[in-house]
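A short worksheet on the structure shown next.
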Amino acid sequence: APGFLGEHCELSVNECESQPCLHGGLCVDGRNSYHCDCTGSGFTGMHCESLIPLCWSKPCHNDATCEDTVDSYICHCRPGSLIKDISEAKSLKGTSQMFL
């Protein structure tokens, strides 16, 4: 039977033995199959191979556009936007803006 070994098909094949999941994804063995649980890894895809863009979480405020960069993101404020406090400025990751 598929997914089993042995003279009497008494041994289940461990499809996770080859460690198919990448970037710390957890391999969940099934009957003649497996799937990768990528939860908490920052990656997605069948084998946790694709980096989840940080902008998916919509970290920018006040209609600012988000640009993914390597291991980070940049918020681009709309022209004429003003920042009221330093905590808002920290979320901008280095963009130059006006402060009140």
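Count along the sequence shown from 1, then add 971; that gives the number in the numbering used here. Heads up, the beta-carbon is just placed ideally off N, CA and C, and yes, glycines get one too. None of these values were measured; they are calculated from a predicted model.
Spanning the alpha carbons of residue 980 and residue 1047 requires a straight line of approximately 60 Å. In its chain, beyond the 5 residues on either side, 998, 1000, 1005 have a beta carbon closer than 7 Å to the beta carbon of residue 987. Around the Cβ of residue 1013, a 10 Å sphere holds fewer than 16 other Cβ atoms; the residue is exposed. Residues of the same chain with a CB within less than 7 Å of the CB of residue 1019, apart from the 5 flanking positions on each side, are 992, 993, 994, 996, 1007, 1009, 1012 in chain order. In the structure shown, residue 1012 falls within a coil segment according to DSSP collapsed to helix, strand and coil.
Under DSSP, residue 997 forms a beta bridge with 1008. Scanning 1002, 989, 990 for the CA closest to the CA of residue 983 turns up 1002.
DSSP places residue 987 in the coil class of the three-state scheme, outside both helix and strand.
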